[in-house]
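K.L.:
Going by the numbering used here, the final residue of the sequence shown carries number 549, and the count climbs one at a time with no gaps.
We put the CB at the ideal spot given by N, CA and C, even for glycine.
Predicted, not measured: the structure shown is a model, and the values here were computed from it.
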Amino acid sequence: MILATATDAINSTVLVIARAQLMGSTHTTTDEIAWVNMAYLAAKLTCFPVAAWLCVRVASGKLILAATTVLLVSLVGCAMTHHLEVLIMWRILQGVAGAVLLVCSQFVLFEAFPRRQQGVVQAAFAFSVIMAPTTLTPALQGWAVDTGSWSWIFWASFPLALCGLIAALLLPLAGIPRTESRPFDWTGVSLMATAMTAIVFVTQEGSRYNWFDEPEIVVLTIVAMIATVSFVVWQFASQRRGALIDFGAFRDEHFSFGFLVSFVAGCALFGSAFIIPAFATNVLDFSPTYAGFLLLPSGLCVCAGLLAAGSAIQFRSLDPTRPIPIGILCFMTAMWVMSGSTSQSGLPDLVAVLLLRGFGLGLLFVSLTLVTLNGLNGVALAHGIALFNVGRQLGGQVGIGWLATYLDHQNVLNRTVLSQFITPGNPAFIQRREAIETALISRGFNPEDAGQAAIRVIQQEFGRQVATVSFNECFLAVAVLFLGAAPVLILAKIMLHRLSPHRPMP
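1. Apart from the five residues just before and just after Ile537, which ones in its own chain have a Cβ nearer than 8 Å to its Cβ?
2. Going by other Cβ atoms of all chains shown within 10 Å of its Cβ, with 16 needed for buried, is Trp229 buried or exposed?
3. What residue range is occupied by the uninterrupted alpha helix (DSSP H) comprising Thr466?
4. Excluding the five sequence neighbours on either side, which residues of its own chain have a C-beta within less than 8 Å of the C-beta of Asn515, listed in chain order?
5. What separation, rounded to the nearest whole angstrom, lies between the Cα atoms of Cys147 and Asp362?
6. Are three or more beta carbon pairs between the region 475-493 and the region 403-421 nearer than 8 Å?
7. Roughly how many whole angstroms lie between the Cα atoms of Trp78 and Ile131?
8. Can you say whether Thr240 is buried or exposed, counting buried as having 16 or more other CB atoms within 10 angstroms of its CB?
9. Should the region 115-132 be called in touch with the region 440-460, which here means at least 3 C-beta pairs below 8 Å?
10. To the nearest angstrom, report how far apart Val113 and Val276 are at their CA atoms.
11. Counting only runs that start and end within the region 416-447, where is the alpha helix (DSSP H) found for 4 or more residues in a row?
12. Contact defined as beta carbons within less than 8 Å: I believe Ala352 pairs with Leu406. What is the distance between those atoms, to the nearest angstrom?
13. Jot down the residue ranges of each uninterrupted alpha helix (DSSP H) in the region 310-387, minimum 4 residues, whole runs only, in chain order.
14. Going by DSSP, what residue range makes up the alpha helix (DSSP H) through Ala496?
15. With DSSP run on the structure shown, which of helix, strand or coil describes Glu154?
16. Compute the beta-carbon to beta-carbon distance between Val441 and Gly401, rounded to the nearest angstrom, for a pair I have assumed lies under 8 Å.
17. Only counting the same chain, and skipping five residues up and downstream in sequence, which positions put a Cβ closer than 8 Å to that of Leu343?
18. DSSP on Ala308, reduced to helix/strand/coil?
19. Grab me the residues of Thr222's own chain with a C-beta within less than 8 Å of its C-beta, minus the 5 sequence neighbours each way, in chain order.
20. First and last residue of the alpha helix (DSSP H) that includes Val243?
21. What's the C-alpha gap between Phe317 and Ala85?
22. Check whether the region 147-158 touches the region 249-268, counting contact only when three or more Cβ pairs, one atom from each stretch, lie closer than 8 Å.
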């Protein structure tokens, strides 16, 4: 289960590094190639509740085997095609299989092991959900792009998926078949698919289109709002005759609070995983491989954080809420330190900070999972897992869109502010230009060419410094995110506590 789930996570963000290679191979534009990831994400978000619906009606072992098979076939399909439409179709199947694998696997683990043993169990499962997409994926994708082609990203995942399929065949997993005969909610799925597709497009492409200056973004935002509201209303109206989602999990105070926190945590997790490799490639001029391996060492600390929190909760009876603020503090500290990076920073300057970030993420997510889901059982547990993952994934989409927009805005602002120092009357500018001219003339340039080349060198360095300041402000924004969200989350916790019957933490 963990192997197959990790395979899906590794292939979840194929466009992070391989966008240019994909565009060249498929002869497509930026707008067209964006659908390779958007189709995957929309399908995955749509099928989270579908997976929960299936979990309580079909034996989990059969679901996991079927989903792993579909994932394996879709990997081969993605690797062998060079047609955009076919690639999008395979990516949709990957999204469907990934949603079923994630929800069903976690559901099986909660059902198969006693709650007192969930600390280490969920820590192991989080390896595939948290560590794989944020540390292993960039490294694998960078290596595949630099040493082969974008198709290597899928071929490199094939052995992992094959091992997952063999494990699913050898280990018969018990299910909990139900006798419910309610029909499938096709209307709910249609509304969910419409809402998720619109949300994914707006959050992924909004920054590039300058958000609401583009009529298409305005229309899709309205569509997303109408479809989301219609879906929620339809689900409440259909509870008796067979809704897609059972909202009973929200009756649990801890789940409701954990759902809100997962949204904020997903925003910080995926947002930082997006901005760090971008900083490495755009400012530090790292190759895709080197940029990918930048996050790899933090994977060890993610494991350490997961196991530390899981073991303390399981063997020391630690309250699962206690590691959460420690994890947030570690993460905030790491991002705050990164906000002091320079254009001359290198791997030695960043490793310690990224290790601290990884350890904080490990502490945060295993504890948050236990706080959110430990109080649920049966049908409520299956749907709670689905909703929990929807919250984290949507938070991640919002985080990436927010940081991309903030980065663009700060680039424009910082370029305007700093350009006042790049003027012919500035003594520092004149001194720098003359020093570069002298150095170029000493290397054989004639004076006229040296003067023009010196201006180009200064402009290039100016752009690098603008980008450095802008990325640093993004790092600081991620750190401040939790400070801004804290009052809202505390208020929500107080309100949920008052509205819900008081129950001790499970």
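P.N.:
Checking against the coordinates, here is how it stands:
1. none
2. exposed
3. Where Thr466 is concerned, there is no enclosing alpha helix (DSSP H), given that its DSSP letter is neither H nor E.
4. Met381, Ser382, Gly383 and Ser384
5. 26 Å
6. no
7. 7 Å
8. buried
9. no
10. 33 Å
11. none
12. 5 Å
13. 331-337, 341-358 and 366-381
14. Pro490 to Leu542
15. helix
16. Their Cβ separation, rounded to whole angstroms, is 22 Å, which puts Val441 and Gly401 out of contact at 8 Å.
17. Leu398 and Gly401
18. helix
19. In this prediction, Thr222 scores a pLDDT of 46, lower than 50, which makes its location untrustworthy; the coordinate-derived value is nonetheless stated afterwards. Cβ within range, chain order: n/a, list empty.
20. Trp229 to Glu248
21. 19 Å
22. no
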